[in-house]
Amino acid sequence: MLSLFLITVFLIISLIHCYWALGGTVGMGAAVPEVDGKPLFQPSRGGTFAVAGVLALSALAVALHGHLTRFWQMETVRWGLLALAAALLLRGIGEFRYVGLFKSVRDSRFARNDTRFYSPLCLLLGASLLFLAW
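This is the structure we're talking about:
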(Lines of atoms letter the chains of each structure in order from A; the text may use other names.)
(Lines give C-alpha, C1' and ligand atoms only; values in the text may rest on other atoms or scores of the structure.)
Protein backbone atom coordinates (compact mmCIF):
# COMPACT_ATOMS: atom_id res chain seq x y z
CA MET A 40 0.00 0.00 0.00
CA LEU A 41 2.86 2.38 0.82
CA SER A 42 4.47 1.65 -2.54
CA LEU A 43 1.23 2.44 -4.36
CA PHE A 44 0.94 5.76 -2.52
CA LEU A 45 4.54 6.70 -3.40
CA ILE A 46 4.19 5.67 -7.05
CA THR A 47 0.96 7.66 -7.41
CA VAL A 48 2.37 10.82 -5.82
CA PHE A 49 5.61 10.68 -7.83
CA LEU A 50 3.72 10.18 -11.10
CA ILE A 51 1.25 12.99 -10.40
CA ILE A 52 4.04 15.43 -9.55
CA SER A 53 5.99 14.25 -12.62
CA LEU A 54 2.98 14.95 -14.85
CA ILE A 55 2.61 18.43 -13.34
CA HIS A 56 6.25 19.16 -14.19
CA CYS A 57 5.72 17.84 -17.75
CA TYR A 58 2.73 20.19 -18.08
CA TRP A 59 4.89 23.13 -16.99
CA ALA A 60 7.77 22.11 -19.28
CA LEU A 61 5.34 22.02 -22.22
CA GLY A 62 4.27 25.60 -21.52
CA GLY A 63 1.47 25.24 -18.98
CA THR A 64 1.18 28.13 -16.56
CA VAL A 65 -1.46 27.10 -14.01
CA GLY A 66 0.20 26.83 -10.61
CA MET A 67 3.60 27.98 -11.87
CA GLY A 68 3.42 31.25 -9.92
CA ALA A 69 3.24 29.34 -6.65
CA ALA A 70 5.98 26.85 -7.54
CA VAL A 71 9.04 29.12 -7.55
CA PRO A 72 10.42 31.05 -4.55
CA GLU A 73 9.97 34.82 -4.77
CA VAL A 74 11.86 37.85 -3.49
CA ASP A 75 9.99 41.17 -3.48
CA GLY A 76 7.26 39.64 -5.66
CA LYS A 77 9.69 38.48 -8.35
CA PRO A 78 10.71 34.86 -9.01
CA LEU A 79 14.09 33.94 -7.53
CA PHE A 80 14.88 32.09 -10.78
CA GLN A 81 13.19 31.17 -14.05
CA PRO A 82 12.95 27.37 -14.42
CA SER A 83 14.19 26.21 -17.81
CA ARG A 84 12.21 23.85 -19.98
CA GLY A 85 15.02 21.28 -19.88
CA GLY A 86 15.42 21.55 -16.13
CA THR A 87 11.70 21.11 -15.59
CA PHE A 88 11.68 18.04 -17.86
CA ALA A 89 14.69 16.72 -15.92
CA VAL A 90 12.79 17.06 -12.63
CA ALA A 91 9.81 15.28 -14.23
CA GLY A 92 12.14 12.49 -15.37
CA VAL A 93 13.68 12.07 -11.92
CA LEU A 94 10.21 11.89 -10.39
CA ALA A 95 9.08 9.28 -12.96
CA LEU A 96 12.25 7.25 -12.33
CA SER A 97 11.54 7.49 -8.62
CA ALA A 98 8.12 5.94 -9.21
CA LEU A 99 9.79 3.20 -11.27
CA ALA A 100 12.37 2.51 -8.54
CA VAL A 101 9.60 2.15 -5.96
CA ALA A 102 7.72 -0.19 -8.32
CA LEU A 103 10.83 -2.31 -8.84
CA HIS A 104 11.68 -2.46 -5.14
CA GLY A 105 11.07 -5.98 -3.91
CA HIS A 106 10.52 -7.39 -7.39
CA LEU A 107 14.13 -7.85 -8.46
CA THR A 108 15.72 -11.27 -8.13
CA ARG A 109 19.42 -10.51 -8.32
CA PHE A 110 20.99 -9.21 -5.14
CA TRP A 111 23.04 -6.48 -6.85
CA GLN A 112 19.94 -5.16 -8.62
CA MET A 113 18.00 -5.04 -5.38
CA GLU A 114 20.85 -3.30 -3.57
CA THR A 115 21.19 -0.75 -6.37
CA VAL A 116 17.50 0.14 -6.14
CA ARG A 117 17.67 0.18 -2.34
CA TRP A 118 20.60 2.61 -2.31
CA GLY A 119 18.84 4.73 -4.92
CA LEU A 120 15.74 4.91 -2.73
CA LEU A 121 17.86 5.82 0.30
CA ALA A 122 19.57 8.60 -1.69
CA LEU A 123 16.19 9.89 -2.86
CA ALA A 124 14.88 9.75 0.72
CA ALA A 125 17.86 11.81 1.89
CA ALA A 126 17.32 14.37 -0.88
CA LEU A 127 13.63 14.73 -0.04
CA LEU A 128 14.27 14.99 3.70
CA LEU A 129 16.89 17.68 3.08
CA ARG A 130 14.48 19.53 0.75
CA GLY A 131 11.81 19.41 3.45
CA ILE A 132 14.20 20.80 6.06
CA GLY A 133 15.40 23.40 3.55
CA GLU A 134 18.31 25.75 3.10
CA PHE A 135 17.07 28.14 5.81
CA ARG A 136 16.35 31.09 3.53
CA TYR A 137 13.81 30.42 0.75
CA VAL A 138 12.69 26.77 1.01
CA GLY A 139 11.96 24.27 3.77
CA LEU A 140 10.28 24.37 7.12
CA PHE A 141 12.99 26.57 8.62
CA LYS A 142 13.09 29.26 5.90
CA SER A 143 13.42 32.91 6.87
CA VAL A 144 11.58 34.41 3.86
CA ARG A 145 7.93 33.61 4.60
CA ASP A 146 5.86 36.36 2.96
CA SER A 147 5.33 35.05 -0.58
CA ARG A 148 2.75 32.74 -2.10
CA PHE A 149 5.46 30.12 -2.62
CA ALA A 150 6.61 30.42 1.02
CA ARG A 151 3.09 29.91 2.35
CA ASN A 152 2.52 26.90 0.08
CA ASP A 153 5.96 25.55 0.94
CA THR A 154 5.16 25.68 4.66
CA ARG A 155 1.69 24.14 4.25
CA PHE A 156 2.21 21.63 1.45
CA TYR A 157 5.58 21.27 -0.31
CA SER A 158 7.93 20.79 2.66
CA PRO A 159 5.59 18.50 4.63
CA LEU A 160 5.06 16.42 1.47
CA CYS A 161 8.83 16.16 0.95
CA LEU A 162 9.28 15.05 4.56
CA LEU A 163 6.46 12.50 4.24
CA LEU A 164 7.83 11.11 0.98
CA GLY A 165 11.37 11.02 2.35
CA ALA A 166 10.33 9.23 5.54
CA SER A 167 8.18 6.80 3.54
CA LEU A 168 11.06 5.98 1.20
CA LEU A 169 13.38 5.52 4.17
CA PHE A 170 10.89 3.10 5.73
CA LEU A 171 10.42 1.23 2.44
CA ALA A 172 14.13 0.90 1.68
CA TRP A 173 15.32 0.09 5.18
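40 is the number of the first residue of the sequence shown in the working numbering; add one for each residue after it. Here a beta-carbon is modelled for each residue, glycine too, at the ideal position from N, C-alpha and C.
Straight-line CA distance for L103 to G76?
In this model, L103 and G76 are separated by some 42 Å (Cα to Cα).
Expected contact under 8 Å - CB spacing of G68 and R155 to nearest Å
G68 to R155, Cβ: 16 Å. No contact.
Report the residue from G139, L127, L140, W111 whose alpha carbon sits nearest the alpha carbon of S167.
Measuring C-alpha to C-alpha distances from S167 to each of G139, L127, L140, W111 identifies L127 as the nearest.
Would you kindly work out how many angstroms separate the C-alpha atoms of L129 and R109, rounded to a whole number?
Looking at the backbone, the Cα of L129 and that of R109 are separated by about 31 Å.
Same chain only: Cβ atoms within 8 Å of A100, ignoring 5 sequence neighbours per side
Counting only Cβ-Cβ distances below 8 Å, and skipping sequence neighbours, we find V116, G119, L120, L123.
Could you name each continuous beta strand (DSSP E) segment of 3 residues or more that falls completely within the region 74-149, going from the start of the chain to the end?
Whole beta strand (DSSP E) segments, 3+ residues: zero.
Touching or not, the region 129-143 and the region 52-67, by the rule of three or more beta carbon pairs under 8 Å?
Too few Cβ pairs lie closer than 8 Å, so no.
Compare the Cα-Cα distances from A125 to each of G165, V74, R151, V144 and report the closest residue.
Of G165, V74, R151, V144, the residue nearest in Cα terms is G165.
Buried versus exposed call for A89 [16 or more other C-beta atoms within 10 Å across all chains shown]
It counts as exposed.
Between Y137, M113, R145, which has its C-alpha nearest W173's C-alpha?
Minimum Cα distance to W173 is reached at M113.
Helix, strand or coil: how does DSSP classify V48 here?
Helix.
Nonlocal neighbours in the same chain, by C-beta distance under 8 Å from F170, ignoring five residues either side
Around F170: L41.
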